[in-house]
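In this note's numbering, the protein residues as written are 71 to 152.
Quick reminder that beta carbons are idealized off the backbone N, C-alpha and C, glycines included.
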């Protein structure tokens with residue numbers, strides 16, 4: 071099986087598995103599970119404004135670009151007081 075996106079490769083349960091797990095804990099949907107477990111005061115209440123999904127390669131390239139902007143300094147931990 072060929073997977074294209076990060077999500078397809080790493081997010082596990084399919085609809086059948088999800089239904090089985092929800093039934094085992096006594097709720098009928100993921101929305102009901104969230105309503106019963108996450109306090110309303112901290113739920114967003116609206117959809118996130120996200121860009122298009124990235125492939126794992128695109129995400130990694132973006133993270134490397136951000137990391138390349140870091141300045142690396144010498145660590146003096148464990149070298150006594152200066």
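Inspect the beta-carbon positions of residue 103 and residue 92 and report whether they are closer than 8 Å.
One thing to note: residue 103 has its Cβ within 8 Å of the Cβ of residue 92.
For residue 75 and residue 109, which I take to be in contact (beta-carbon distance under 8 Å), what is that distance rounded to the nearest angstrom?
The pair is not a contact, with the Cβ atoms about 32 Å apart (cut-off 8 Å).
For residue 126, which residues in the same chain have their Cβ closer than 6 Å to its Cβ, ignoring the five residues on either side in sequence?
Cβ-Cβ distances below 6 Å link residue 126 to 76 in the same chain, with the five nearest sequence neighbours on each side left out; the list follows chain order.
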